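As structure tokens, the structure follows; a few thoughts come after it.
Protein chains: 2
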Amino acid sequence: MPYFDVASTAPLHPLARQALLSALDEGWADPARLYRDARQARMLLDAARETVAAELGARPDEVSFTTSGTQANQLAVLGALAGNHRKGRHLAHSAVEHSSVLHAAEQHEASGGGVSAVPVDRLGRVSAPDFAAALRADTALACLQSANHEVGTLQPVAEVGTLCAEAGVPLLVDAAQSAGRLDLPEGWSLLTASAHKWGGPAGVGVLAVRKGVRYRSPLPADDREGGRVPGYVNVPGAIAAAVALRAVRQEAKRLNPVLSARIARLRDQLPGLVPDLTVLGDPDRRLPHLLTFSCLYVDGEALLGELDRAGFAVSSGSSCTSSTLTPSHVLAAMGVLTEGNIRVSLPPDCTDADIDGFLEVLPAAVAAVRSHLDAPSAGPVKQGTLVLDTLGRRCPIPVIELAKHFGEVPVGGLVVVLSDDEAARLDIPAWCEMREQEYAGEAAAAEYSAGADRPGRAYLVRRLS
Amino acid sequence: MPYFDVASTAPLHPLARQALLSALDEGWADPARLYRDARQARMLLDAARETVAAELGARPDEVSFTTSGTQANQLAVLGALAGNHRKGRHLAHSAVEHSSVLHAAEQHEASGGGVSAVPVDRLGRVSAPDFAAALRADTALACLQSANHEVGTLQPVAEVGTLCAEAGVPLLVDAAQSAGRLDLPEGWSLLTASAHKWGGPAGVGVLAVRKGVRYRSPLPADDREGGRVPGYVNVPGAIAAAVALRAVRQEAKRLNPVLSARIARLRDQLPGLVPDLTVLGDPDRRLPHLLTFSCLYVDGEALLGELDRAGFAVSSGSSCTSSTLTPSHVLAAMGVLTEGNIRVSLPPDCTDADIDGFLEVLPAAVAAVRSHLDAPSAGPVKQGTLVLDTLGRRCPIPVIELAKHFGEVPVGGLVVVLSDDEAARLDIPAWCEMREQEYAGEAAAAEYSAGADRPGRAYLVRRLS
Numbered sequence: 000m001p002y003f004d005v006a007s008t009a010p011l012h013p014l015a016r017q018a019l020l021s022a023l024d025e026g027w028a029d030p031a032r033l034y035r036d037a038r039q040a041r042m043l044l045d046a047a048r049e050t051v052a053a054e055l056g057a058r059p060d061e062v063s064f065t066t067s068g069t070q071a072n073q074l075a076v077l078g079a080l081a082g083n084h085r086k087g088r089h090l091a092h093s094a095v096e097h098s099s100v101l102h103a104a105e106q107h108e109a110s111g112g113g114v115s116a117v118p119v120d121r122l123g124r125v126s127a128p129d130f131a132a133a134l135r136a137d138t139a140l141a142c143l144q145s146a147n148h149e150v151g152t153l154q155p156v157a158e159v160g161t162l163c164a165e166a167g168v169p170l171l172v173d174a175a176q177s178a179g180r181l182d183l184p185e186g187w188s189l190l191t192a193s194a195h196k197w198g199g200p201a202g203v204g205v206l207a208v209r210k211g212v213r214y215r216s217p218l219p220a221d222d223r224e225g226g227r228v229p230g231y232v233n234v235p236g237a238i239a240a241a242v243a244l245r246a247v248r249q250e251a252k253r254l255n256p257v258l259s260a261r262i263a264r265l266r267d268q269l270p271g272l273v274p275d276l277t278v279l280g281d282p283d284r285r286l287p288h289l290l291t292f293s294c295l296y297v298d299g300e301a302l303l304g305e306l307d308r309a310g311f312a313v314s315s316g317s318s319c320t321s322s323t324l325t326p327s328h329v330l331a332a333m334g335v336l337t338e339g340n341i342r343v344s345l346p347p348d349c350t351d352a353d354i355d356g357f358l359e360v361l362p363a364a365v366a367a368v369r370s371h372l373d374a375p376s377a378g379p380v381k382q383g384t385l386v387l388d389t390l391g392r393r394c395p396i397p398v399i400e401l402a403k404h405f406g407e408v409p410v411g412g413l414v415v416v417l418s419d420d421e422a423a424r425l426d427i428p429a430w431c432e433m434r435e436q437e438y439a440g441e442a443a444a445a446e447y448s449a450g451a452d453r454p455g456r457a458y459l460v461r462r463l464s
Numbered sequence: 000m001p002y003f004d005v006a007s008t009a010p011l012h013p014l015a016r017q018a019l020l021s022a023l024d025e026g027w028a029d030p031a032r033l034y035r036d037a038r039q040a041r042m043l044l045d046a047a048r049e050t051v052a053a054e055l056g057a058r059p060d061e062v063s064f065t066t067s068g069t070q071a072n073q074l075a076v077l078g079a080l081a082g083n084h085r086k087g088r089h090l091a092h093s094a095v096e097h098s099s100v101l102h103a104a105e106q107h108e109a110s111g112g113g114v115s116a117v118p119v120d121r122l123g124r125v126s127a128p129d130f131a132a133a134l135r136a137d138t139a140l141a142c143l144q145s146a147n148h149e150v151g152t153l154q155p156v157a158e159v160g161t162l163c164a165e166a167g168v169p170l171l172v173d174a175a176q177s178a179g180r181l182d183l184p185e186g187w188s189l190l191t192a193s194a195h196k197w198g199g200p201a202g203v204g205v206l207a208v209r210k211g212v213r214y215r216s217p218l219p220a221d222d223r224e225g226g227r228v229p230g231y232v233n234v235p236g237a238i239a240a241a242v243a244l245r246a247v248r249q250e251a252k253r254l255n256p257v258l259s260a261r262i263a264r265l266r267d268q269l270p271g272l273v274p275d276l277t278v279l280g281d282p283d284r285r286l287p288h289l290l291t292f293s294c295l296y297v298d299g300e301a302l303l304g305e306l307d308r309a310g311f312a313v314s315s316g317s318s319c320t321s322s323t324l325t326p327s328h329v330l331a332a333m334g335v336l337t338e339g340n341i342r343v344s345l346p347p348d349c350t351d352a353d354i355d356g357f358l359e360v361l362p363a364a365v366a367a368v369r370s371h372l373d374a375p376s377a378g379p380v381k382q383g384t385l386v387l388d389t390l391g392r393r394c395p396i397p398v399i400e401l402a403k404h405f406g407e408v409p410v411g412g413l414v415v416v417l418s419d420d421e422a423a424r425l426d427i428p429a430w431c432e433m434r435e436q437e438y439a440g441e442a443a444a445a446e447y448s449a450g451a452d453r454p455g456r457a458y459l460v461r462r463l464s
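Heads up: the protein sequence lines correspond to chains X and V, in order. Here the first sequence is numbered in numbering that gives the first Met the number 0, starting from 0 and rising by one per residue. Here the second sequence is numbered in numbering that gives the first Met the number 0, starting from 0 and rising by one per residue.
Dropping the structure here:
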């Protein structure tokens with residue numbers, strides 16, 4: 000079964016597996032103790048730290064092992080804000096950071112801090128001047144990912160790093176998606192990463208804090224990992240993580256162009272194979288192994304299921320697959336179609352045959368999902384407009400209804416879609432942009448509904464052609 | 000090399016090692032995804048949760064996997080306090096809880112909460128009535144370990160659980176030292192444990208929250224592990240932890256009497272083999288595999304070194320080995336000698352020959368440490384008392400000086416020990432108790448010193464015999 004989801008988790012690197020097995024035998028003891036096996040565990044942990052530091056461009060005493068990338072981000076955000084609280088309580092981050100950064104920002108905001116989200120363009124990229132404009136005299140921390148986890152767009156970290164340094168603001172760079180694949184840009188004050196994304200084991204993350212950067216742990220005191228990460232250290236995990244990182248960094252030179260060429264094939268051929276498919280993200284400044292696209296009139300979860308049955312493991316940032324049922328905040332910030340979203344991220348052992356297979360399977364999978372979706376009847380026409388009542392129905396039904404009945408109004412006419420699905424607010428404007436029709440704003444559903452006090456919103460689309 | 004430190008970390012159980020290797024192959028995918036390998040990882044994680052829940056006497060939906068016992072305790076303390084904040088902000092805990100509980104309590108106190116530490120007797124045990132007396136109308140959480148990690152004393156959890164239930168106070172039971180070895184008592188509202196203490200891998204802990212107990216995560220939002228533990232779940236680790244727990248629980252019936260008999264041999268024979276050795280902890284209500292003793296006039300770190308050279312891996316709660324250089328809070332709370340402290344905790348594969356070897360080696364090791372310690376000269380006599388100036392000298396020198404020169408004053412006379420080592424405050428009274436002499440209190444060192452403003456304290460001992 001071709002595995003196209005390394006951006007969720009990469010299979011354990013063969014050398015990391017070997018290192019883990021050895022470390023279970025050699026590095027099992029408590030590194031804080033004072034006997035031979037403990038000293039050996041401590042030496043192995045020190046060696047793992049030195050390797051990770053060297054590969055990430057940090058000093059060993061700047062590197063702490065965490066238990067996940069999420070924990071690393073939470074500690075980095077809250078620890079840097081606590082350490083710099085005298086400067087102020089303002090946090091600036093891009094709108095497309097990983098949820099662990101956004102949730103830490105929410106907690107900061109709930110406790111009275113200020114937060115600014117820097118917008119991105121339709122490719123998912125922040126502009127360095129926009130980011131600089133968000134920095135204030137009381138900004139205690141700025142956060143910018145090295146590359147976006149949903150669409151693969153690289154961020155201008157070096158430029159933002161320079162601007163942050165000029166403003167005296169420490170910069171946290173979440174490098175979870177690029178560590179091991181691409182060299183890290185200069186300019187970070189805090190750096191985070193996650194070992195299972197680079198072929199290391201689950202349960203190991205990295206938090207690096209540059210010498211001189213103020214940091215105060217937000218958690219109860221504990222003297223392990225330089226006082227930054229409480230709890231018994233997973234020494235075998237750290238060793239395996241270090242071995243994997245060194246290995247993938249060496250392999251990246253050879254592998255990146257190969258993966259990049261495979262992604263380019265997908266990028267070139269997919270839109271011609273599947274109607275109404277849009278490839279997302281920056282076509283040039285991007286991760287080598289990752290591609291995301293959205294398909295109009297498709298339920299992302301159903302499409303994942305079709306692809307699974309066809310033997311392909313992929314994931315989705317679509318509203319329909321997340322447990323919270325809210326649309327992907329990344330795609331929303333980009334202002335692109337969120338429905339029918341698929342993220343392909345290729346493993347090192349991907350073959351051309353796997354790509355051929357995916358290109359062959361996808362059109363039928365999309366067609367199957369589209370054919371399964373029912374067509375509800377149109378609502379009553381009122382004031383010369385066509386009202387489509389999709390209240391109570393989930394993504395992608397509202398957009399499907401819009402597309403099916405759009406031809407029923409003359410050029411210049413208005414179609415009103417009633418929906419209480421949060422994704423419609425994003426996807427109806429995105430459909431208008433794709434179809435070059437005019438999105439004419441939204442209103443309360445009750446204004447266009449026959450019923451007295453219907454919930455939900457009305458989305459207005461004017462036919463231009 | 001006989002390993003006598005399973006209370007720090009137990010070697011990976013052979014069945015857990017096998018399970019870990021299988022799980023690296025079968026349970027490597029992201030359990031949150033929607034393809035075959037992900038479903039398999041999710042099923043394995045569910046099975047691991049069911050096993051751990053069954054072995055701990057919990058429901059599967061009450062159990063979350065954490066990344067360590069320390070994290071489990073931090074989350075349990077802060078999460079239960081946050082969830083019950085309407086009841087009040089008071090926390091009651093025994094004085095001998097694990098440092099992760101105490102540090103969480105310190106953070107709570109620093110943020111304005113109230114904390115009461117319930118004292119223990121000289122065996123390290125709280126009394127249930129004392130614990131009940133510490134509960135107040137505004138007590139939001141009580142914490143009591145199942146067994147003490149330094150001296151092995153079992154706590155009256157069931158009795159305290161009943162009293163807490165009557166008072167409407169949730170009880171957190173830190174079961175890190177007993178889980179897998181002894182059945183858990185009834186009465187817990189929250190339960191924590193650490194897999195590497197029972198033969199599971201590092202990087203896995205357990206937090207169980209009883210259905211209906213109020214809990215609010217103190218960390219930024221994350222939907223994994225029931226919203227209780229943020230970050231990507233270490234599925235292979237959880238599986239190996241579950242397999243180890245089931246295995247050690249099955250083995251405990253056979254193993255506990257064997258280990259208990261070996262500990263009894265040490266308890267019986269050690270005081271006769273080494274002069275001025277005191278065995279600590281409850282002789283009856285105790286963990287089966289753990290024994291702690293202190294040796295007068297011994298530097299604990301030096302003794303660990305001697306035992307390591309002799310091939311024995313043990314640890315110490317002594318002031319001289321912890322990185323903070325403060326005396327063990329457990330031994331301090333018990334009011335017993337903190338110096339020359341050694342904790343022996345036996346692994347499943349311990350042999351009678353290992354015990355024989357330890358009994359043979361220890362007397363020489365203690366004698367070697369004692370002979371290496373210099374004897375400083377006595378200070379000037381003032382006002383009819385003998386003043387021993389040990390300012391600037393570390394444990395166990397103050398007590399050694401006291402013992403060496405004690406005979407120089409007549410019965411009824413006073414010996415004053417000047418010391419700036421925090422351990423002296425604990426160990427000089429403990430020495431008095433052991434020697435049946437009178438501890439007559441303390442004063443500023445300057446009161447008994449020839450110098451004008453010497454720092455440190457003066458400890459007064461009256462000779463009774």
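Note that CB positions come from ideal geometry on N, CA and C, so glycine has one too. None of the values given here were measured: they were computed from a predicted structure.
For Ala109/X, count neighbouring C-beta atoms within 10 Å of its own C-beta (all shown protein chains included) and say buried if the count is 16 or more, exposed if not. Exposed: under 16 other Cβ atoms inside 10 Å.
Do Met333/X and Val119/X have their C-beta atoms within less than 9 Å of each other? It is a contact, given that the beta carbons lie within the stated cut-off.
Delimiting residues of the alpha helix (DSSP H) encompassing Glu300/V: Boundaries of the alpha helix (DSSP H) around Glu300/V: 299–308.
Could you tell me the alpha carbon to alpha carbon distance between Thr389/V and Leu140/V, rounded to whole angstroms? So the alpha carbons of these two residues sit roughly 43 Å apart.
Among the residues of its own chain, which have a CB less than 6 Å from the CB of Ala131/X, if the five just before and after it don't count? Closer than 6 Å at Cβ, skipping near neighbours: Leu162.
Just the Cα atoms here: how many angstroms apart are Ala91/V and Leu134/V? Cα to Cα, Ala91/V sits roughly 7 Å from Leu134/V.
Label Thr350/V either buried or exposed according to how many other C-beta atoms from any shown protein chain fall within 10 Å of its C-beta, with 16 as the threshold for buried. Taking every protein chain shown into account, the CB of Thr350/V has fewer than 16 other CB atoms within 10 angstroms, so this residue is exposed.
Beta carbons nearer than 8 Å to chain V: which residues of the stretch 13–28 of chain X have them? Across the stretch 13–28 of chain X, CB contacts with chain V closer than 8 Å involve Arg16, Leu19, Leu20, Leu23, Trp27, Ala28, in sequence order along the chain.
C-alpha distance - Val460/V paired with Asn340/V, whole-angstrom precision: Distance from the CA of Val460/V to the CA of Asn340/V, rounded to the nearest whole angstrom, comes to 23 Å.
In three-state terms, what does DSSP make of Thr277/V? DSSP places Thr277/V in strand when its eight states are reduced to three.
Residues of chain X with CB closer than 8 Å to the CB of Leu122/V, please, in chain order. Chain X residues near Leu122/V: none, gap ~26 Å exceeds 8 Å.
Whole runs of the alpha helix (DSSP H) within the stretch 44–115 of chain X, excluding any shorter than 4 residues: Listed in chain order, the complete alpha helix (DSSP H) runs (minimum 4 residues) inside the stretch 44–115 of chain X are 68–82, 98–109.
Let me know the secondary structure DSSP gives Leu361/V once reduced to three states. Three-state result, Leu361/V: helix.
Reduced DSSP category for Leu14/X - H, G, I as helix; E, B as strand; rest coil: DSSP places Leu14/X in helix when its eight states are reduced to three.
Applying the criterion that 16 or more other CB atoms from any shown protein chain within 10 Å of the CB defines a buried residue, is Gly299/X buried or exposed? With 16 or more other Cβ atoms within 10 Å, it is buried.
Could you spell out the range, first to last residue, of the beta strand (DSSP E) harbouring Ser193/V? Looking at the DSSP string, the run of the beta strand (DSSP E) that includes Ser193/V is 189–193.
For Val470/V, is the classification buried or exposed, using 16 other Cβ atoms within 10 angstroms of its Cβ as the cut-off for buried? Any property of residue 470/V remains undetermined from this structure, which presents chain V solely from 0 to 464.
Where Ala136/V sits in the DSSP three-state scheme: Reduced to three states, the DSSP call for Ala136/V is coil.
Simplified DSSP assignment, three categories, for Tyr458/V: Three-state result, Tyr458/V: strand.
Taking a cut of 9 Å between CB atoms, which residues from the stretch 230–246 of chain X lie near chain V? If the cut-off is 9 Å between Cβ atoms, the stretch 230–246 of chain X has Gly230, Tyr231, Val232, Asn233, Val234, Pro235, Gly236 near chain V.
Kindly examine the ligand ADP and report whether one of its heavy atoms sits closer than 8 Å to the Cβ of Ser216/V. Among the ligands in the structure shown, none appear at all, so the ligand ADP cannot be discussed.
What does the alpha-carbon distance come out to for the pair Ala9/V and Glu407/V? Roughly 49 Å separates the two Cα atoms.
On the three-state DSSP scale, how would you describe Ala174/V? Note: Ala174/V maps to coil in three-state DSSP.
Under a CB-based cut-off of 9 Å, is Gly204/X close to chain V? Judged by the 9 Å Cβ criterion, Gly204/X is in contact with chain V.
Count the other CB atoms, across all protein chains shown, that sit within 10 Å of the CB of Gln144/X; report buried if there are 16 or more and exposed otherwise. It counts as buried.
For the pair the stretch 273–293 of chain V and the stretch 45–63 of chain V, tell me if three or more CB-CB distances fall below 8 Å. The stretch 273–293 of chain V vs the stretch 45–63 of chain V: no contact.
Measure the Cβ-Cβ separation of Leu170/X and Gly160/X and say whether it is below 9 Å. In contact: Leu170/X and Gly160/X (Cβ atoms closer than 9 Å).
Do the stretch 187–205 of chain X and the stretch 221–234 of chain V touch if we need at least three Cβ pairs shorter than 8 Å? Verdict: yes, contact present.
Suppose you measure from the CA of Gly112/V to the CA of Asp45/X; what does that come to, to the nearest Å? Distance between the alpha carbons of Gly112/V and Asp45/X is about 38 Å.
Looking only at its chain, what residues have a beta carbon closer than 7 Å to the beta carbon of Glu96/X, apart from the 5 residues adjacent to it on each side? Within the same chain, Glu96/X has close Cβ partners Cys142, Gln144, Asp173.
Report yes or no: is there a C-beta of chain X within less than 9 Å of the C-beta of Thr320/V? Its pLDDT being 41, under 50, Thr320/V is placed unreliably in this model, and the value from its coordinates should be taken loosely. Chain X contact via Cβ: present.
Taking Arg215/V as part of the alpha helix (DSSP H), name the residues at either end of that continuous run. Where Arg215/V is concerned, there is no enclosing alpha helix (DSSP H), given that its DSSP letter is neither H nor E.
What does the alpha-carbon distance come out to for the pair Ala31/X and Ala239/X? Within the model, the alpha-carbon separation for Ala31/X versus Ala239/X is close to 20 Å.
Residue from Ala443/V, Leu336/V, Ala363/V whose Cα sits closest to the Cα of Gly395/V: This sequence places Pro at residue 395/V; Gly is not what is there. Here the closest residue by C-alpha is Leu336/V.
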